[in-house]
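What follows is a set of notes on a single structure, which appears directly below.
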Amino acid sequence: AQSVTQLGSHVSVSEGALVLLRCNYSSSVPPYLFWYVQYPNQGLQLLLKYTSAATLVKGINGFEAEFKKSETSFHLTKPSAHMSDAAEYFCAVSPTGGGNKLTFGTGTQLKVEL
Amino acid sequence: EPEVTQTPSHQVTQMGQEVILRCVPISNHLYFYWYRQILGQKVEFLVSFYNNEISEKSEIFDDQFSVERPDGSNFTLKIRSTKLEDSAMYFCASSEGQAYGYTFGSGTRLTVV
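Set out below in structure tokens:
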């Protein structure tokens, strides 16, 4: 079964600093990978997705992620954190061939400090 | 931008009662899903629905749960006899296909007392 592991349940950065949220996947073949953001008391918003095209994926709000097959990783980055980025971030995986459910990681709570 | 709409946003119910959570997926989407998130835990898959039938379900989705697409627009999740442990945020999602990503609704917070 496919799964994702998010390292660090809580990450704290200063405003203007680099954001790096880690996600590693487990799959026998490269899957589809997604990052979602959840603001307090809201639903899940798609930030970006990897679907076998370019390995560097750009998303909304200045976020991007790079698919690295050799490292089975799909880390999320943003060059300069903003206070409005404070939220919970979920990495998710879906198989490419048959069966299309999303399996989520445990989430990383991002805190942005002045 | 098209949205997935869920109603109600909050539902409080007595243990043992039936609840129906409602969702209006994006109109041209073909795949529909229910997920749940117990407070402080990760988002868990419940069921996927395609071509008017369940395509996959998790072990959580037992006989107490059912889904329906009663007309061309609504997608419902029914819990027949609620338990305390059913208290969670329930998210509906829809998709044109997995490569396109999934659009989630804002969720229904279900509290069983």
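Chains as they are written, first to last, in the working numbering: chain S, 1 to 114; chain D, 1001 to 1113. All C-beta atoms, glycine included, are put in the ideal place defined by N, C-alpha and C.
By the criterion of a C-beta distance shorter than 7 Å, residue 1060 of chain D is surrounded in its chain by 1044 and 1046, once the five residues flanking it on both sides are discounted. Three or more pairs of CB atoms, one per stretch, sit closer than 8 Å, so the stretch 94 to 109 of chain S contacts the stretch 1094 to 1113 of chain D.
Residue 42 of chain S reaches chain D at 1106, counting residues in chain order whose Cβ is nearer than 7 Å. Comparing C-alpha distances from residue 41 of chain S to each of D:1024, D:1017 and D:1090 shows the shortest one belongs to D:1090. Identification of residues in the stretch 1003 to 1020 of chain D having a C-beta nearer than 9 Å to some C-beta of chain S yields 1004 and 1006, given in sequence order.
With its beta carbon less than 9 Å from one in chain S, residue 1044 of chain D belongs to the interface. In this structure residue 23 of chain S is not in contact with residue 107 of chain S, their Cβ atoms being roughly 11 Å apart against a cut-off of 8 Å. Where residue 1090 of chain D is concerned, the enclosing beta strand (DSSP E) starts and stops at 1088 to 1095.
Rounded to whole angstroms, the separation of the alpha carbons of residue 1025 of chain D and residue 1005 of chain D is 7 Å. Closest in C-alpha terms to residue 1073 of chain D, from the list D:1001, D:1018, D:1031 and D:1009, comes D:1031. Here residue 1071 of chain D is exposed: its Cβ has fewer than 16 other Cβ atoms, across all protein chains shown, within 10 Å. For residue 1068 of chain D, the uninterrupted beta strand (DSSP E) segment begins and ends at 1065 to 1068. In the DSSP assignment, residue 1023 of chain D falls within the beta strand (DSSP E) that extends over 1019 to 1024. Contact annotation: residue 52 of chain S and residue 25 of chain S have beta-carbon atoms that are not nearer than 9 Å.
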